[in-house]
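Colleague: Take this structure first; my questions come after.
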Amino acid sequence: MYTLVSTANPTDYGQLYFPLSNLVDVYHAINQSLVDTEKLLHLLNEPTEVVDEPSAKGLVVSNAKLNLPLLAKAEQVKAILFPLYRLYDLQPGSGRIVIEEQDIRAVMLSGLRRVISVVRQDPVLFNIWYL
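This is the structure we're talking about:
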């Protein structure tokens, strides 16, 4: 009869456990990223409600710079940014948005979205845990 005798120290198990644990965490992060990417691609293939008018032209901006800090609740920010990005158009009679005397409904969406940027101030954005 044979007897199995372990000569491993408890620290030897730790040297094996922690790398394997980190590998599992990386696997889960990659797997979640793949799922999120699939959802994003599905969303990007959805038809949009807002389309360019046939007479839409490129947005002409001459060295304009506007820094507009928005410190508001999410609903208020949506009410400002969604029409600005033309994620939906304003209802007739509810006003219009003009950039350098150009109504944004008469501007191509790609040109409009190219000149507007938003920097979110979420704490998650500055989380360097995974870096």
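Residue numbers are given in the working numbering: position 42 of the sequence shown equals residue 39, and the series is strictly consecutive. Where is the CB? At the ideal position from N, CA and C, for every residue including glycine.
1. Using a Cβ-Cβ cutoff of less than 6 Å, which residues in the same chain neighbour residue 93 once the five nearest sequence positions on both sides are dropped?
2. Would you identify the three-state DSSP class for residue 32, choosing helix, strand or coil?
3. Which residue's Cα is closest to the Cα of residue 111: 46, 29, 81?
4. Just the C-alpha distance for residue 38 and residue 10, rounded to the nearest angstrom, thanks.
5. I'd like the span of the alpha helix (DSSP H) that includes residue 75, first residue to last.
6. When the Cα atoms are used, what is the spatial distance from residue 87 to residue 15?
7. Note the first and the last residue of the continuous alpha helix (DSSP H) segment covering residue 107.
8. Take residue 104 as the anchor and find which of 114, 90, 91, 83 has the nearest alpha-carbon.
9. Is the beta carbon of residue 47 sitting closer than 8 Å to the one on residue 106?
10. Just verifying my parser: in three-state terms, what is the DSSP assignment at residue 100?
11. Looking only at DSSP bridge pairs, what is residue 95 linked to?
12. By a C-beta neighbour count over all protein chains shown, 10 Å radius and 16 as the cutoff for buried, is residue 17 buried or exposed?
Modeller: Let me lay it out:
1. Counting from one through the sequence shown, the residue named residue 93 turns up at place 96. Hits under 6 Å: 100.
2. The count along the sequence shown starts at 1 and reaches residue 32 at position 35. Of the three classes helix, strand and coil, the one that applies to residue 32 here is helix, per DSSP.
3. Position 114 of the sequence shown, counting from 1, holds the residue named residue 111. That would be 81, whose Cα lies nearest to the Cα of residue 111.
4. On the sequence shown, position 41 is the one that residue 38 refers to. On the sequence shown, position 13 is the one that residue 10 refers to. Straight-line Cα distance between these residues: approximately 42 Å.
5. Counting from 1 along the sequence shown, the entry for residue 75 is found at position 78. Its alpha helix (DSSP H) spans residues 71 to 82.
6. Position 90 of the sequence shown, counted from the start, is the residue given in the question as residue 87. Position 18 of the sequence shown, counted from the start, is the residue given in the question as residue 15. Their backbone Cα atoms lie some 55 Å apart in a straight line.
7. Residue 107 sits at position 110 when you count from the first residue of the sequence shown. Taken as a continuous stretch (DSSP letters only), the alpha helix (DSSP H) holding residue 107 covers 106 to 112.
8. Within the sequence shown, numbered from 1, the residue matching residue 104 stands at position 107. Here the closest residue by C-alpha is 83.
9. Along the sequence shown, read from residue 1 onward, the residue named residue 47 stands at position 50. Along the sequence shown, read from residue 1 onward, the residue named residue 106 stands at position 109. It is a contact, given that the beta carbons lie within the stated cut-off.
10. In the sequence shown, counting from the first residue as 1, residue 100 sits at position 103. Strand, per DSSP.
11. Indexing the sequence shown from 1 puts residue 95 at position 98. DSSP, once it has assigned bridges, lists 100 as partnering residue 95.
12. Position 20 of the sequence shown, counted from the first residue, corresponds to residue 17. That one is exposed.
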